[in-house]
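Everything on this sheet refers to the single structure shown next.
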Ligand SMILES: Cc1cc2nc3c(=O)[nH]c(=O)nc-3n(C[C@H](O)[C@H](O)[C@H](O)COP(=O)(O)O)c2cc1C
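Listed below in C-alpha cells is the structure:
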C-alpha cells in the first residue's frame, strides 16, 4: 500500500484513491472512463466539452459527450468556454446529466479553442477565469476544479496567479496542474519543482498531470510534488493496466490474451456508443495502434515495427466493427519474454 491507494475528498466527493484519468479530447468518452474505472482509477475526467455546444442545444454534444455509464463514477465532466452566462447554463446541464464534478479547461493550447478566449487564453485574464469558474459552480451546484498550466510561454507565471486567485476566492474545490507551458503543448519536461511550489502555496487539493508514463514515475512525481493525486493521460492510452500497476495491484505487463480481450471489449462498447457501425469503426482507428504497442512491449522480437505497421495498415482500412474484430482475432498472440 502506498499513499496512492488512500482515499481522499475532492469538494466533498469521496475518491477511492489518488490515481485519476486525465481529460483526453476525442478519447475520454464513457467507455474509456469505464475502462479506467474497471482497472482502478479513483476518478475519471471526461474529454473537453464545449459549453457553447451544450447551451445552444447541439444534440450530438448533449447525447455523446454528456453520456455517463451508471458504473463509471465518480466522474468529472470537463467544460471549456469563456462566457460566464453560457458556462452557467452548460454547467446546469452537466449536473442534470449526473456528473459528480465539473472540471474547467484553462490549459488547452489549441488555436481553435484559444481564439474564442477559452482554454489557456483564460490564463491572461484572471478575473474572467474566476467569473467563469464561479458561474460553473453556481449553475451546477457541483464542486468545480480547474485544469491549467503555468502560463502561455516558458517563464510566465500567469497560470500560477490564476490558480491562486481561484483558490483564494473559494470558487474551486481543487486545481489540476500540468506544469508545461501552453506553447510547449505536450512536449518537453514538466516542471515538477514548480508543481511542488503550487501544491505548497494553495490551500485546495492539487492534482498533477504530465509525463506520467510508468509506475516509477508516478510515485516519484507524488513524492517530489506532494500533490494530492495524479492524472494519467498518454500513458493510459490503450493501457488501462497502468492504473493497476501504479496502484501496486499488478506487476509487469498484461498477457497477449488480456490485451486482445480488452481490445475487443472496447470494440464492443463503441458499437453501443455510436449509432452507425461505420462511424464507430472509423473512430476506433486511432485506438488500434495503442493496443498494438502492448504487443511490442510483450514480444518485441516478433512484433517488430514492420510487423506492427502491417497489422495497423489493415486496421486503418476497416470500416465495420466486424472487420476490425477479424483483424484483431487473426493476430498470432505474442509470447511473454
Ligand atoms: C490526445 C490528447 C488529448 C487531450 N485532451 C485534453 C482535454 O480535452 N482537456 C485537457 O485539459 N487536457 C487534455 N490533454 C492534456 C492531458 O490531459 C495531459 O495533461 C497531458 O497529456 C500531459 O500528460 P502526459 O504527459 O502524461 O500525457 C490532452 C492530451 C492529449 C495527448
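In our numbering, the protein residues as written are 27 to 363.
Even for Gly, the Cβ is constructed at its ideal location relative to N, Cα and C.
In this structure, how does DSSP classify residue i when only helix, strand and coil are distinguished?
i: residue 87; result: helix
i: residue 80; result: helix
i: residue 293; result: helix
i: residue 43; result: coil
i: residue 136; result: coil
i: residue 209; result: helix
i: residue 129; result: strand
i: residue 329; result: coil
i: residue 106; result: strand
i: residue 35; result: strand
i: residue 309; result: helix
i: residue 314; result: helix
i: residue 300; result: coil
i: residue 266; result: coil
i: residue 184; result: helix
i: residue 214; result: coil
i: residue 93; result: coil
i: residue 153; result: helix
i: residue 342; result: helix
i: residue 358; result: coil
i: residue 324; result: helix
i: residue 281; result: coil
i: residue 166; result: helix
i: residue 287; result: helix
i: residue 146; result: helix
i: residue 30; result: helix
i: residue 227; result: helix
i: residue 222; result: helix
i: residue 276; result: coil
i: residue 404; result: In the structure as shown, the chain starts at 27 and stops at 363, and residue 404 therefore has no counterpart that could be examined.
i: residue 178; result: coil
i: residue 239; result: coil
Based on the DSSP secondary-structure assignment, which residues constitute the bridge partners of residue i?
i: residue 201; result: 172 and 232
i: residue 101; result: 70
i: residue 255; result: 233
i: residue 56; result: Beta-bridge pairing links residue 56 to no other residue.
i: residue 75; result: 105
Could you tell me whether any non-hydrogen atom of ligand 1 is closer than 7 Å to the CB of residue i?
i: residue 339; result: no
i: residue 376; result: A question about residue 376 goes unanswered here, because the residues of the chain that appear run from 27 up to 363.
i: residue 204; result: yes
i: residue 235; result: yes
i: residue 49; result: yes
i: residue 53; result: yes
i: residue 212; result: yes
i: residue 358; result: no
i: residue 24; result: Residue 24 lies beyond the residue range present for the chain, which begins at 27 and ends at 363; the question has no answer from this structure.
i: residue 108; result: no
i: residue 320; result: no
i: residue 134; result: yes
i: residue 62; result: no
i: residue 261; result: yes
i: residue 248; result: no
i: residue 335; result: no
i: residue 254; result: no
i: residue 220; result: no
i: residue 89; result: no
i: residue 149; result: no
i: residue 113; result: no
i: residue 43; result: no
i: residue 279; result: no
i: residue 164; result: no
i: residue 173; result: yes
i: residue 238; result: yes
i: residue 257; result: yes
i: residue 73; result: yes
i: residue 131; result: yes
Is the shortest distance between the beta-carbon of residue i and the beta-carbons of chain D less than 8 Å?
i: residue 79; result: Among the chains in the structure shown there is no chain D, since it carries only a single protein chain.
message: Assess contact between the stretch 177-196 and the stretch 145-156, defined as three or more Cβ pairs (one per stretch) separated by less than 8 Å. Is contact present?
response: yes
query: Pairing CB atoms from the stretch 302-318 with CB atoms from the stretch 335-351, are three or more of them under 8 Å?
result: yes
message: Contact between the stretch 128-135 and the stretch 198-211 is defined here as three or more beta-carbon pairs at a separation below 8 Å; is this criterion met?
response: yes
field: Given 8 Å, three or more beta-carbon pairs between the stretch 293-305 and the stretch 333-341
entry: no
query: Are the stretch 263-276 and the stretch 241-248 touching, with three or more C-beta to C-beta distances below 8 Å?
result: yes
- prompt: Are the stretch 28-39 and the stretch 212-222 touching, with three or more C-beta to C-beta distances below 8 Å?
  reply: no
- prompt: Just checking, does the stretch 43-54 make contact with the stretch 78-88 on the three C-beta pairs under 8 Å criterion?
  reply: no
message: Quick check: the stretch 157-173 against the stretch 110-120, are at least 3 beta-carbon pairs closer than 8 Å?
response: They touch, by the three-pair rule.
- request: For the stretch 68-86 and the stretch 50-58, state whether three or more C-beta atom pairs, one from each stretch, are separated by less than 8 Å.
  value: yes
query: Below 8 Å, can you find three or more Cβ-Cβ pairs linking the stretch 313-322 to the stretch 274-293?
result: yes
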